[in-house]
Amino acid sequence: MLRLDNLNVYYGESHILRNISVEVGPGQVVCLMGRNGVGKTTLLKTIMGLLHSRTGRIMFEGVDISQDSPDHRVRRGLAYVPQGREIFPHLSVRENLHLGFEAAQGSVNGRSEQAALEEVFTLFPKLTVLLDRPGGVLSGGEQQQLAIGRALLAKPKLLLLDEPTEGIQPSIVEQIEQVIEGFKTERQFAILLVEQYMEFAARLADTYVIMAKGAVVASGRAADLTEEQVKRHLVV
Ligand SMILES: Nc1ncnc2c1ncn2[C@@H]1O[C@H](COP(=O)(O)OP(=O)(O)O)[C@@H](O)[C@H]1O
Ligand SMILES: [Mg+2]
């Protein structure tokens with residue numbers, strides 16, 4: 128469903144991503160791992176079209192989307208929850224959600240906004256009591272639920288999640304894990320998950336990809352991920 132072919136991405140003259148090739152199959156959960164600074168966020172931004180690759184192609188459902196704007200990629204079915212969540216702090220939860228729905232116009236297949244919201248509220252009931260609060264006053268876990276909920280309003284085919292558990296207390300991490308586990312069971316869309324929290328990744332992923340210094344250094348079935356690999360590439 129998503130195939131990255133030989134991507135090379137630069138910030139100015141710094142060569143950040145080197146010959147990256149990765150595949151995500153329909154309904155698959157792929158976990159992208161690696162230490163801070165290896166280029167995981169840069170890769171997700173490149174997939175969304177926020178950064179451009181100097182070489183290679185990004186194929187999504189058999190179409191080369193490398194030249195598409197971020198907007199177009201959203202309409203094609205990509206959704207992105209950035210690291211640090213990046214909700215609008217001065218807008219209410221309701222307004223934040225509304226923007227998520229608006230961003231996806233064209234890919235929601237005639238669903239009403241209310242129907243789309245109901246689905247999100249089923250997954251994250253807590254949001255219903257927070258609707259009139261500014262996003263900025265929510266806890267980290269609540270903001271993450273809002274950020275994921277907002278992305279889901281676009282009815283994505285592929286959801287990109289950048290470190291959803293970062294800076295969130297364990298009980299909320301568990302809730303978020305359950306929600307992702309639910310997506311996985313339904314297999315309605317694929318997930319490319321950036322995650323450093325090893326156990327979380329191992330429980331959820333079908334396959335893993337490990338990056339070091341801007342390149343893919345290991346990949347395979349999550350069930351085959353060995354301690355040796357984790358020690359070599361992930362433990363600080
Ligand atoms: N806006 C930027 N300008 C220049 N260099 C950047 C920028 N953002 C990130 N980098 C550099 O790119 C590399 C990869 O960063 P990033 O993709 O955020 O890594 P990760 O998400 O794996 O922690 C790092 O060396 C980082 O310093
Ligand atoms: Mg990052």
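Sequential numbering of the sequence shown, starting at 128, is according to the numbering used here. C-beta: ideal position from N, C-alpha, C; glycine also.
Original post:
Could you name the residues, in chain order, whose CB is less than 5 angstroms away from a heavy atom belonging to ligand 1?
Top reply: Cβ atoms closer than 5 angstroms to ligand 1 belong to Y138, I143, N163, G164, V165, G166, K167, T168 and T169.
**OP:** May I ask you to report which of helix, strand or coil DSSP gives L170?
**Re:** The answer is helix: DSSP assigns L170 an H, G or I state.
**OP:** Might you give, ordered along the chain, the residues of its own chain that have their beta carbon closer than 7 angstroms to the beta carbon of N223, omitting 5 neighbours on each side?
**Re:** If the five residues before and after N223 are omitted, its C-beta is found closer than 7 angstroms to the C-beta atoms of I214, F215, G262, L273 and R277, all from its own chain and listed in chain order.
Subject >> Continuous alpha helix (DSSP H) stretch holding F215: start and end >> reply: Taken as a continuous stretch (DSSP letters only), F215 belongs to no alpha helix (DSSP H), as it is neither H nor E.
Subject >> Exposure of V136, with buried meaning 16 or more beta-carbon neighbours within 10 Å >> reply: The C-beta of V136 has 16 or more other C-beta atoms within 10 Å across all chains shown, which makes the residue buried.
**OP:** Note down, in chain order, each residue of its chain lying with its Cβ closer than 8 angstroms to the Cβ of A317, except the 5 sequence neighbours on either side.
**Re:** Cβ neighbours of A317 within its own chain (closer than 8 angstroms, five residues either side excluded): M128, L129, V151, G152, P153, G154, Q155, V156, V157, K284, L285 and L286.
**OP:** Would you kindly report the start and end of the unbroken beta strand (DSSP E) that includes I185?
**Re:** Where I185 is concerned, the enclosing beta strand (DSSP E) stretches over S180 to F187.
Original post:
If you check the beta carbons only, do I307 and G268 fall under 8 angstroms apart?
Top reply: No, they are not a contact pair.
**OP:** Confirm the yes/no value for this check: CB of E322, any heavy atom of ligand 2, distance under 7 angstroms.
**Re:** Not one heavy atom of ligand 2 is found less than 7 angstroms from the C-beta of E322.
Subject >> Distance, R202 Cα to A231 Cα >> reply: Here the alpha carbons of R202 and A231 stand approximately 6 angstroms from one another.
Original post:
So, helix, strand or coil for G294, using DSSP?
Top reply: Residue state, collapsed to three classes: coil.
Original post:
In this structure, does DSSP put A243 in helix, strand or coil?
Top reply: In the three-state DSSP reduction, A243 falls in the helix class (H, G or I).
Original post:
Are M325 and L159 closer than 8 angstroms when you measure CB to CB?
Top reply: Contact flag unset, no.
Original post:
Taking the runs of the alpha helix (DSSP H) that are 4 residues or longer, which of them lie wholly in the stretch 245-288?
Top reply: Qualifying alpha helix (DSSP H) stretches, in chain order: 267-279.
**OP:** Throw me the rounded Cβ distance for the I143 and T169 pair, which I believe falls under 8 angstroms.
**Re:** Going by Cβ atoms, the distance from I143 to T169 rounds to 5 angstroms, so yes, they are a contact pair.
Subject >> Closest Cα partner of D289 within the set D259, T173 and P297 >> reply: Answer by Cα proximity: T173.
Original post:
What first and last residue would you give for the beta strand (DSSP E) that runs through D333?
Top reply: No beta strand (DSSP E) holds D333; DSSP gives it neither H nor E.
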